[in-house]
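A.B. asks: Handing you this structure, nothing more for now.
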């Protein structure tokens, strides 16, 4: 899975900035996507491309249980979020609806990957290659249930 | 080895599962509201599925209902559609709904306990992160996303990984329990352990400082467990818990025999092991005020706004976060908290809009007027809270002081209905999140207790309520 990185160098990116509360009444996913990250980065919608990744710090997706958050990112084209850690509801929501991959990384990847870098994520090897800088980092492997939900394509196809 | 209360509840609800790895957990109560449920019901229809246990599923509308006169039509068309959709879904699937005109309508986490739907030892879920509130009754209660809502509707179960037990002890006695409240205790905890401090855990709050609290105060504590990143927070039930639930509308008929069972079983064994521990001593804690853009960015009312270096203690991301927060909040490091002027006051939300909260706040304002520079509102947590408060004459105290007295709902906690801040407005709020734009784009939120919010409304800036007579 190859793509370019949009980097937010901060912790605690919450679901209220990923998709502000006023849009929770919007049911059209394409329209929801136009407001993704609006609370933090009003330029996000104009700069994001299909297949991009977000890279950020600790506790990504904290706050509300709104599944609108991974939906808005996913329908903006984001295929994975790489973060030092995730808030648990966002993490589960991301895979339950097969919206995007939440990938936990270590400090080396967080510090080593810059805005705009092209990376290649190989989930089968738990590896992230930075094609721009020719470096490789480890990602934290998915737990048993998360791996299987991802493989199944969402919670409703999951079989233990 | 003994078990923690959380482990006992978990084990009692495992349908399928092993010691390590995922478990299928049975859900005793599913609370539903208008915002996170429409796609879940659509999913059921698409797959020709029914709601497995409509009798264990209870719905209300709270997130985007207007808090103005209930006799008026809802002007926001998208809100109106979402509310009508919930009505139709509940009708189609046979789910009990407390609609906008029901005397039982209110914030889902306020009405659950009030109606006796929340029970000790049970598992409770809702498509809302503040479901942790119900943990105050010794329930395992947590927020879920819409896919999981659909899964519970269809199967009354959820696939989960077992969180780790986290013990938070609250020791000591507050010198002035009217001025230093449950809100100040939980904000102090989050200030110390951080917004990710509880990630992957279920917190059990224990100790004298917790036992001393009323049920409503315990709900305030458990409510904000999610702000520390925890899956849930709970408190072992005691006689206060059993007294609170006795005789409520939906309290089970065999209640006394359940109480006997709970007394025997719902406690952490002496030799149980927690994976993580934290202790807060509360003898000398001060009223808390958040200064930043997450609940961990909080300090004493007597302090000054910290510098990014003071706050971050060497962590570069924390430092950047603090710089950005100060910029967003338009605050300068070194400014005394008591000098921060406010434009708005919101007393409401599932954290602090219960009867006791309103009683305590009313003591502060009785016979006084809201500062002419401030617009202040009270949004009771439920229509029942509103009615009880009105029977006590609290509405009159608030309106005489120029507070707006409104109908029940989530309101300005999350800015989904017309109750929002304008860009740049600064609000003393009894809610749970001070995220950027949470109460309206560009709005600035300071999290405080109800008494602190009331005192700020009167004075136009934050004041240390310990200096006031609140007995």
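Protein chains in written order, with our numbering: chain A, 4 to 163; chain B, 22 to 492. Glycine included, every Cβ here is placed at the ideal spot set by N, Cα and C.
What's the C-alpha gap between residue 147 of chain A and residue 414 of chain B?
C.D. replies: If you number the first chain from 1, residue 147 of chain A lands on position 144. If you number the second chain from 1, residue 414 of chain B lands on position 393. In a straight line, the C-alpha of residue 147 of chain A is about 56 Å away from that of residue 414 of chain B.
A.B. asks: If I follow the unbroken beta strand (DSSP E) through residue 433 of chain B, where does it start and stop?
C.D. replies: Along the second chain, one-based indexing puts residue 433 of chain B at 412. Where residue 433 of chain B is concerned, there is no enclosing beta strand (DSSP E), given that its DSSP letter is neither H nor E.
A.B. asks: Along chain B, which residues have their Cβ under 7 Å away from the Cβ of residue 20 of chain A?
C.D. replies: Stepping through the first chain from its first residue, residue 20 of chain A is reached at position 17. Going along chain B in sequence order, the residues near residue 20 of chain A (Cβ under 7 Å) are 456, 457, 458.
A.B. asks: List, in chain order, every chain A residue whose beta-carbon is nearer than 8 Å to that of residue 252 of chain B.
C.D. replies: In the second chain, counting from the first residue as 1, residue 252 of chain B sits at position 231. Result: 91.
A.B. asks: Mapping the DSSP letters down to three states, classify residue 399 of chain B as helix, strand or coil.
C.D. replies: Numbered from its first residue, the second chain carries residue 399 of chain B at position 378. Note: residue 399 of chain B maps to strand in three-state DSSP.
A.B. asks: Pick out whichever of A:124, A:110, A:39 has its Cα sitting closest to the Cα of residue 79 of chain A.
C.D. replies: Counting from one through the first chain, the residue named residue 79 of chain A turns up at place 76. The option with the nearest alpha carbon to residue 79 of chain A is A:39.
A.B. asks: Would you report the Cα separation of residue 19 of chain A and residue 281 of chain B, rounded to the nearest angstrom?
C.D. replies: For the purposes of this step, residue 19 of chain A is taken as residue 16 along the first chain, with counting starting at 1. For the purposes of this step, residue 281 of chain B is taken as residue 260 along the second chain, with counting starting at 1. Computed Cα separation, rounded: 43 Å.
A.B. asks: Shortest alpha-carbon distance to residue 108 of chain A belongs to which of A:5, A:28, A:143?
C.D. replies: Taking the first residue of the first chain as 1, we reach residue 108 of chain A at position 105. Considering only alpha carbons, the answer is A:143.
A.B. asks: DSSP beta-bridge partners for residue 142 of chain A?
C.D. replies: For the purposes of this step, residue 142 of chain A is identified with residue 139 of the first chain, where counting begins at 1. Beta-bridge pairing links residue 142 of chain A to A:108.
A.B. asks: Could you tell me the distance, in whole angstroms, from the CA atom of residue 33 of chain B to the CA atom of residue 26 of chain B?
C.D. replies: In the second chain, the residue the question calls residue 33 of chain B occupies position 12. In the second chain, the residue the question calls residue 26 of chain B occupies position 5. Distance between the alpha carbons of residue 33 of chain B and residue 26 of chain B is about 11 Å.
A.B. asks: Can you find the residues in the same chain that come closer than 7 Å, C-beta to C-beta, to residue 99 of chain A, ignoring five residues on each side of it along the sequence?
C.D. replies: Within the first chain, residue 99 of chain A is the residue found at index 96, counting from 1. These residues qualify, in order along the chain: 152, 157, 158.
A.B. asks: I need the DSSP call for residue 95 of chain A, collapsed to helix, strand or coil.
C.D. replies: Sequence index remark: in the first chain, residue 95 of chain A carries index 92 (1-based). In the structure shown, residue 95 of chain A sits in a helix (DSSP, three-state: H, G or I).
A.B. asks: Which residues bound the alpha helix (DSSP H) around residue 150 of chain A?
C.D. replies: Counting from one through the first chain, the residue named residue 150 of chain A turns up at place 147. First-last of the alpha helix (DSSP H) with residue 150 of chain A: 147-155.
A.B. asks: Just grab the DSSP bridge partners of residue 269 of chain B for me.
C.D. replies: Taking the second chain and counting its residues from 1, the one referred to as residue 269 of chain B is at position 248. Answer is none; residue 269 of chain B lacks a bridge partner.
A.B. asks: Measure the alpha-carbon distance for residue 228 of chain B versus residue 472 of chain B and round it to whole angstroms.
C.D. replies: As a first step, residue 228 of chain B must be located in the second chain, where it is residue number 207. As a first step, residue 472 of chain B must be located in the second chain, where it is residue number 451. Between residue 228 of chain B and residue 472 of chain B, the C-alpha separation is close to 24 Å.
A.B. asks: Kindly indicate if chain B contains any beta-carbon less than 8 Å away from that of residue 146 of chain A.
C.D. replies: Residue 146 of chain A sits at position 143 when you count from the first residue of the first chain. It does: the Cβ of residue 146 of chain A has a partner Cβ on chain B nearer than 8 Å.
A.B. asks: Is residue 56 of chain B close to chain A? Criterion is C-beta to C-beta, closer than 8 Å.
C.D. replies: Here residue 56 of chain B is taken as the residue at index 35 of the second chain, counted from 1. It does; some Cβ of chain A falls within 8 Å.
A.B. asks: Report the rounded CA-to-CA distance for residue 483 of chain B versus residue 396 of chain B, giving the unit in angstroms.
C.D. replies: As a position in the second chain, residue 483 of chain B is number 462, starting the count at 1. As a position in the second chain, residue 396 of chain B is number 375, starting the count at 1. Rounded to the nearest angstrom, the two C-alpha atoms are 15 Å apart.
A.B. asks: Report yes or no: is there a C-beta of chain B within less than 8 Å of the C-beta of residue 61 of chain A?
C.D. replies: Against the first chain, residue 61 of chain A aligns to sequence position 58. For residue 61 of chain A, the answer is yes, since a Cβ of chain B falls inside 8 Å of its Cβ.
A.B. asks: According to the neighbour-count rule (16 or more other Cβ atoms, all chains shown, within 10 Å of its Cβ), is residue 90 of chain B buried or exposed?
C.D. replies: Taking the first residue of the second chain as 1, we reach residue 90 of chain B at position 69. Exposed, because fewer than 16 other Cβ atoms sit within 10 Å of the Cβ of residue 90 of chain B.
A.B. asks: Within a Cβ cutoff of 6 Å, which residues of the same chain sit near residue 344 of chain B, ignoring the five residues on either side of it in sequence?
C.D. replies: Locating residue 344 of chain B in the second chain gives position 323, counting from the first residue. Result list for residue 344 of chain B: 329, in chain order.
A.B. asks: Would you mind reading off the limits of the beta strand (DSSP E) that contains residue 219 of chain B?
C.D. replies: One-based indexing of the second chain puts residue 219 of chain B at position 198. Element bounds for residue 219 of chain B: n/a, residue is neither H nor E.
A.B. asks: Between the stretch 197-210 of chain B and the stretch 64-78 of chain A, can you find at least three pairs of beta-carbon atoms closer than 8 Å?
C.D. replies: The stretch 64-78 of chain A, when compared against the stretch 197-210 of chain B, does not touch it at the 8 Å Cβ threshold.
A.B. asks: Quick one, which residues of the stretch 92-111 of chain A are near chain B if we go by CB-CB under 7 Å, in chain order?
C.D. replies: The residues in question are 92, 95, 96, 99, 100.
A.B. asks: Terminal residues of the continuous beta strand (DSSP E) containing residue 161 of chain A?
C.D. replies: Stepping through the first chain from its first residue, residue 161 of chain A is reached at position 158. Counting along the chain, residue 161 of chain A falls outside any beta strand (DSSP E), and DSSP gives it neither H nor E.
A.B. asks: Applying the 10 Å Cβ sphere with the 16-neighbour rule, what's the burial state of residue 141 of chain B?
C.D. replies: Reading the second chain from its first residue, position 120 is the one you call residue 141 of chain B. Residue 141 of chain B is buried by the Cβ-count criterion.
A.B. asks: Tell me the rounded alpha-carbon separation between residue 338 of chain B and residue 78 of chain B.
C.D. replies: Translated into the one-based positions of the second chain, residue 338 of chain B becomes position 317. Translated into the one-based positions of the second chain, residue 78 of chain B becomes position 57. Those two C-alpha atoms are separated by around 42 Å.
A.B. asks: I'd like the ranges of any alpha helix (DSSP H) spanning at least 4 consecutive residues and lying wholly in the stretch 65-140 of chain B.
C.D. replies: DSSP runs (the alpha helix (DSSP H)) wholly in the stretch 65-140 of chain B: 98-114, 129-135.
A.B. asks: Would you mind listing the beta strand (DSSP E) stretches within the stretch 26-105 of chain A that are 3+ residues and don't spill past its ends, in chain order?
C.D. replies: Segments of the beta strand (DSSP E) lying fully in the stretch 26-105 of chain A: 56-59, 83-86.
A.B. asks: Can you give the Cα-Cα distance for residue 368 of chain B and residue 433 of chain B, rounded to whole angstroms?
C.D. replies: On the second chain, residue 368 of chain B is found 347 positions in, with the first residue counted as 1. On the second chain, residue 433 of chain B is found 412 positions in, with the first residue counted as 1. Near 9 Å, if we compare the C-alpha coordinates of residue 433 of chain B and residue 368 of chain B.
A.B. asks: At a cut of 8 Å, does the stretch 163-178 of chain B reach the stretch 63-79 of chain B through at least three beta carbon pairs?
C.D. replies: The stretch 163-178 of chain B is in contact with the stretch 63-79 of chain B.
A.B. asks: What separation, rounded to the nearest whole angstrom, lies between the Cα atoms of residue 486 of chain B and residue 300 of chain B?
C.D. replies: Your numbering for residue 486 of chain B matches position 465 in the second chain. Your numbering for residue 300 of chain B matches position 279 in the second chain. Approximately 25 Å between the Cα atoms of the pair.
A.B. asks: Please report the straight-line C-alpha distance between residue 69 of chain B and residue 114 of chain B, rounded to a whole angstrom.
C.D. replies: Here residue 69 of chain B refers to the residue found at position 48 of the second chain. Here residue 114 of chain B refers to the residue found at position 93 of the second chain. Straight-line Cα distance between these residues: approximately 12 Å.
A.B. asks: With DSSP as the reference, label residue 312 of chain B as helix, strand or coil.
C.D. replies: Translated into positions along the second chain, residue 312 of chain B becomes position 291. Looking at residue 312 of chain B - three-state DSSP - the assignment turns out to be coil, as it is neither helix nor strand.
A.B. asks: Is the separation between the beta-carbon of residue 154 of chain B and that of residue 371 of chain B shorter than 8 Å?
C.D. replies: As a position in the second chain, residue 154 of chain B is number 133, starting the count at 1. As a position in the second chain, residue 371 of chain B is number 350, starting the count at 1. Yes, the Cβ-Cβ distance between residue 154 of chain B and residue 371 of chain B is below 8 Å.
A.B. asks: Buried or exposed for residue 437 of chain B, going by 16 or more other Cβ atoms inside 10 Å?
C.D. replies: Taking the first residue of the second chain as 1, we reach residue 437 of chain B at position 416. By the neighbour-count rule (16 or more Cβ atoms within 10 Å), residue 437 of chain B is buried.
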